[in-house]
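K.L.:
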Amino acid sequence: MLDLNYIRKHSEEVKKAAGGKHDHADVDRLLELDRDYRGVTFESEQLRKKQNEVSKEIGRLKKEGKDASTLMAGMKDVPGRMKEYAEKLRELEEEMGEILMAIPNVPAEDVPPGEDETANEEVRSWGEMRKFDDTPRPHWELGKALDILDFERGSKISGAGFPLFKGLGARLERALFNFMLDLHTGKHGYREVFPPFLVNRASMTGTGQLPKLEDDMYRITGNDLFLIPTAEVPVTNMHRDEILSCKELPIYYAAYTACFRREAGAAGKDTRGIIRVHQFDKVEMVKFVRPESSGDELESLLENAERVLQLLKLPYRVSKLCVGDLSFAAHKCYDIE
RNA sequence: GGAGAGGUGGCUGAGCGGCUGAAAGCGGUGGGUUGCUAACCCAUUGAGGGGGUUUUGCCCCCUCCCCGGGUUCGAAUCCCGGCCUCUCCGCCA
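Quick note, our numbering runs 392 ahead of the 1-based positions in the first sequence.
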């Protein structure tokens, strides 16, 4: 969520970023509500001031043993009026909150324009795609043949999209996230954290998954907890509502977690095998940095991630997502595939 | 799940209807003293928001003692609900 103060100062760019794509992101309405809010705040504070003064006077009279009943009678209706102001402010706040949460982040200047992934910009590529003489078999067939991937039993235990790794498959999975964590903590300066896999509503809202993506989450009823769709959620929320001193920065975290996604409505597209599943393992990297260095920090984080693929000798290409492909909260985003 | 204790400024901790934005100590900052260090002495030191202004300095106001309600002219203080922490008991694939 963008800071209201930032929106006040940069309303034009925010409007441009919100343009069209997000129906509820009415920046003009927000600024209008903001003006009302400040007006009502001022009025209610004037009343509060009077209340404080008179109350003090009553206290003084009483201590001197004098009669304060006239003053007290005159204040009888003040609590009610304060409540009306509070109610009005709450209404304004609520509507402002809804608009604020619908306003997307402003893309960085170098984010390419464009509607969808076809406008993404390839930045670089690494390695050579391996050539095969015959048609290679897909991983789900290989996995089954080697008995290291068992989709049938995964489905029996949980349902489609919950792969079961067995033997060397399980070991490979474990080896991969171990390898990534060891690399990032040992060579790249990240601190390892192992966060909860279930988080509360405030955390999900803090990283922008809610309210938008509620239907894509696994939710625990009764406790109002959510299974994390990515370690980004618990790790970023470590410092929610905290003010970090710039002396402490930068902070680098790396975390392995299982990730859970309902992938609601995704059936039919890239759904075979382990490409798109409800539960998967991921090592996430999160940085808390000073704003002026954030561009460089993103580049070095990208390099750290690429290093994983280089050491595994997996060819890849890096592309910069265009405006239309950028996620709601993102300022700038790279894709490695 | 049951019983108890508790959540106050950067930290420890007092206050338990008006004199409290909050004692005291620690820490921080500035200064003093002292061969150095330590110690000591003096001063100063919370945050957010709104308004004003002779606009970088200053003035005024409001809010904040876990969160949300309530009682009251007035709440850190009393009442209700929630969240969290600690101790004991129970349960535990």
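For every residue, glycine included, the Cβ atom is placed at its ideal position computed from N, Cα and C. Since the structure is predicted, the reported quantities are computational estimates derived from the model, not experimental observations.
Determine the direct distance from the alpha carbon of N397 to that of F571, and round the result to whole angstroms.
P.N.:
Counting from one through the first sequence, the residue named residue 571 turns up at place 179. Counting from one through the first sequence, the residue named residue 397 turns up at place 5. The straight-line gap from Cα to Cα measures roughly 43 Å.
K.L.:
Does the distance from the C-beta atom of S436 to that of M474 stay below 8 Å?
P.N.:
Taking the first sequence and counting its residues from 1, one reaches residue 436 at position 44. Taking the first sequence and counting its residues from 1, one reaches residue 474 at position 82. Contact flag set, yes.
K.L.:
Figure out for me which residue from A552, C714, A410 and E490 has the closest Cα to the Cα of R668.
P.N.:
Taking the first residue of the first sequence as position 1, residue 668 is located at position 276. Closest option to R668, Cα to Cα, is A552.
K.L.:
Considering only DSSP beta bridges, list what R522 is partnered with.
P.N.:
The count along the first sequence starts at 1 and reaches residue 522 at position 130. R522 is not bridged to any residue.
K.L.:
Look at the alpha carbon of R545 and the alpha carbon of E533, and state the distance between them as a whole number of angstroms.
P.N.:
The sequence position of residue 545 within the first sequence is 153, counting from 1. The sequence position of residue 533 within the first sequence is 141, counting from 1. Taking the straight line from one Cα to the other gives about 15 Å.
K.L.:
Can you give me the start and stop residues for the alpha helix (DSSP H) that S436 sits inside?
P.N.:
Translated into positions along the first sequence, residue 436 becomes position 44. Counting along the chain, the alpha helix (DSSP H) containing S436 begins and ends at V419 to K455.
K.L.:
Can you check DSSP and say which residues form a bridge with S517?
P.N.:
For this step, residue 517 is matched to residue 125 along the first sequence. Residue pairing by DSSP places S517 opposite R709 in a beta bridge.
K.L.:
Along the beta strand (DSSP E) that carries Q671, what are the first and last residues, could you check?
P.N.:
Numbered from its first residue, the first sequence carries residue 671 at position 279. For Q671, the enclosing beta strand (DSSP E) has its first and last residue at Q671 to F680.
K.L.:
Where are the alpha helix (DSSP H) runs, 4 residues long or more, that stay fully inside the region 516-579, in chain order?
P.N.:
531-538, 543-549 and 560-578
K.L.:
Report back the beta-carbon spacing between E676 and T599 to the nearest angstrom; my notes put them in contact at under 8 Å.
P.N.:
What you label residue 676 is simply residue 284 of the first sequence in a count that begins at 1. What you label residue 599 is simply residue 207 of the first sequence in a count that begins at 1. Between T599 and E676 the Cβ distance is about 11 Å, and since that is not below 8 Å, they are no contact.
K.L.:
According to DSSP, is T649 helix, strand or coil?
P.N.:
Within the first sequence, the letter at position 257 stands for residue 649. The answer is strand: DSSP assigns T649 an E or B state.
K.L.:
Quick test of your reading: Q601 and V585, contact by CB under 8 Å. State the CB separation rounded to the nearest angstrom.
P.N.:
Here residue 601 corresponds to residue number 209 of the first sequence, with the count starting at 1. Here residue 585 corresponds to residue number 193 of the first sequence, with the count starting at 1. Actually they are not in contact, since the Cβ atoms of Q601 and V585 sit about 19 Å apart, beyond 8 Å.
K.L.:
Which word fits T649, buried or exposed, when buried means at least 16 other C-beta atoms lie within 10 angstroms of its C-beta?
P.N.:
For this step, residue 649 is matched to residue 257 along the first sequence. It counts as buried.
K.L.:
Look at the Cβ atom of F720, then the Cβ atom of K604, and state whether they are nearer than 8 Å.
P.N.:
In the first sequence, counting from the first residue as 1, residue 720 sits at position 328. In the first sequence, counting from the first residue as 1, residue 604 sits at position 212. A contact, by the Cβ cut-off of 8 Å.
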